[in-house]
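Residue numbers (this note's numbering), protein chains in the order written: chain A, 12 to 183; chain B, 233 to 403.
C-beta: ideal position from N, C-alpha, C; glycine also.
Below is one structure, written out as structure tokens, with a few remarks after it.
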Amino acid sequence: MSNLRLINETTASSVASLSITDVFSADFDIYKITFALTDKQSSSDDLSIRLINSSGSVISASEYDRANLNMKAGSSFAEARSTGTTSFFSHSELNTSNDSGGALSYLFNPFNSSSYTFHLAQTDGYDSSNNFQSKKIIGVHKDTTTITGFNYFADSGTFSATIRTYGLRVDS
Amino acid sequence: MAGQLVQVATETVTSAVASVTLTGIDSDDVYMFAFTNVLGTSEPTNFSYRLTESGTANSTSNYDYAFKELFAGSSFNNRTGTNQNRVLMNQGSGSTALETQQGILYIYNANNSSEFTFTTFETTFRNAYGGALQGAQGGGVFTVTSAVNGIYFQQDSGNIASGTFTLYKVV
């Protein structure tokens, strides 16, 4: 059996927010999440990620630090960073005509109540000026609360995507 | 069966060790290394790696690397090195609780004694400077045409206090 275990697959169509719940457990320390975006409505808009605690609540408190390197095909690269903000980065300034894209995220230690949850990601898509852009992303949620799921949301408009959550198994 | 991630080796550190070595690379597949909750015993220092040949870490000046350092609180930085004796991956890593390091590293052509061994890596951690979020995105190359069978990790000063390290084969 593969040490990369598919835990959940969810396909959503034209939603503003999508919660994937009860996917993190003591079975895994590292999770891999793939996000295939097929549609985004409302241009110049961001897609972001929040964590869900064991009570099922989406955490929107100012507890996230994040940074990304935004690499654009038609213009200069850009840096973005925030401390004490309310979500992790995913996609930004999405285009509604060229509105597909992809993302690969890793979440480290979400279920561990002695550790913060760390985020690594790489994403791509087209921005509102129709420039291809790719991002390298880091993040940390600075609270040791147990995390059991995550929420993708759009700042405005809706999106369609298929999201797969895998656990990286360690057999000791 | 193709299309799997197969665990090759793992080590969980619960009391301080000078280094962690994982071996078992014995095919021409791509290998993936994952680490999480890594904490040092002193700070600030660098978390670095070398590659092993027949289980022994090669510390000769045959590593080149280049990566981008990302910071949540300050401007990003370029890090490069040529003819170094290790790849300095996480510079400024810490020993204070919750300043842990996490990352994913891929290894290419390791088993091929006619090729250099290449690595790509992405990491995220809270550094020794007040626990600021930092990460590394880039890669390295071991410029020796030999068969590499594993990887060796160390904190450049002090020891590794904790962490889980796992080597997988991508088949």
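- With a cutoff of 8 Å on beta-carbon distance, Leu330 (chain B) and Gly363 (chain B) are scored as near each other.
- For Thr375 (chain B), no chain A residue has a Cβ inside 7 Å of its Cβ, as the nearest lies near 25 Å away.
- Listed in chain order, the beta strand (DSSP E) runs fully inside the stretch 76 to 134 of chain A are 89 to 96, 99 to 105, 112 to 119, counting runs of at least 3 residues.
- Taking every protein chain shown into account, the CB of Gln239 (chain B) has 16 or more other CB atoms within 10 angstroms, so this residue is buried.
- Take Ser274 (chain B), set aside five residues on each side of it, and the residues of its chain with a beta-carbon closer than 7 Å to its own are Ser327, Ser389, Gly390, in chain order.
- Contact check for Tyr297 (chain B) and Gly370 (chain B): beta-carbon distance about 7 Å, within the 8 Å limit, so the pair qualifies.
- With respect to Ala241 (chain B), Leu399 (chain B) sits close: the two C-beta atoms are nearer than 8 Å.
- Here the stretch 88 to 101 of chain A does not lie against the stretch 27 to 38 of chain A, with fewer than 3 beta-carbon pairs under 8 Å apart.
- Boundaries for Asp166 (chain A): no beta strand (DSSP E) harbours it, and the DSSP string shows neither H nor E there.
- The shortest C-alpha to C-alpha distance from Thr159 (chain A) to any of A:Lys43, A:Ile44, A:Gly67, A:Lys147 is the one to A:Gly67.
- In this structure the stretch 242 to 256 of chain B does not lie against the stretch 43 to 51 of chain A, because fewer than three pairs of beta carbons, one per stretch, are closer than 8 Å.
- At least 8 Å separates the beta-carbon of Asn315 (chain B) from that of Ser291 (chain B).
- Ala78 (chain A) has a beta carbon lying within less than 8 Å of a beta carbon in chain B.
- Rounded to whole angstroms, the gap between the alpha carbons of Lys300 (chain B) and Ser13 (chain A) is 32 Å.
- The beta-carbon of Ser36 (chain A) is placed no less than 8 Å from the nearest beta-carbon of chain B.
- Within a 10 Å sphere around the beta-carbon of Asn341 (chain B) sit 16 or more other beta-carbons, which makes this residue buried.
- One Cα belongs to Gln334 (chain B), the other to Phe143 (chain A), and the distance between them is close to 29 Å.
- In the DSSP assignment, the residues bridged to Arg61 (chain A) are A:Asn162.
- Note that the C-beta distance between Leu80 (chain A) and Leu302 (chain B) is below 8 Å.
- Between the stretch 62 to 76 of chain A and the stretch 148 to 165 of chain A there are three or more C-beta pairs closer than 8 Å, enough to call the two in contact.
- Going by beta carbons, Tyr281 (chain B) and Phe385 (chain B) fall inside the 8 Å limit.
- Residues of the stretch 352 to 380 of chain B with a C-beta less than 7 Å from any C-beta of chain A: Glu354, Thr356, Arg358, Leu365, Gly367, Gln369, listed in chain order.
- Note: Ile257 (chain B) is not bridge-paired with any residue in the DSSP secondary-structure output.
- Collapsing the DSSP output to three states places Ala37 (chain A) in coil.
- Contact with chain B is absent for Lys51 (chain A), since none of that chain's Cβ atoms lies less than 8 Å from the residue's Cβ.
- Taking 3 residues as the shortest admissible run, the stretch 327 to 365 of chain B contains the following complete beta strand (DSSP E) segments, listed from N- to C-terminal end: 333 to 340, 349 to 358.
- At a C-beta separation below 7 Å, Asp166 (chain A) has no neighbours in chain B, since its nearest C-beta there lies roughly 20 Å away.
- Rounded to the nearest whole angstrom, the C-alpha separation of Tyr75 (chain A) and Gly150 (chain A) is 7 Å.
- Just so you know, the alpha carbons of Ala304 (chain B) and Leu365 (chain B) end up roughly 5 Å apart.
- Ala248 (chain B) carries a coil assignment under DSSP once its states are collapsed to helix, strand and coil.
- Contacts between Val238 (chain B) and chain A, judged by CB atoms closer than 8 Å, involve Ser13, Asn14 in chain order.
- Using beta-carbon distances, Ala342 (chain B) does not count as an interface residue toward chain A, since no partner is under 8 Å.
- Looking only at A:Leu17, A:Thr22, A:Leu15, A:Arg77, the smallest Cα-Cα distance to Ala172 (chain A) is reached by A:Thr22.
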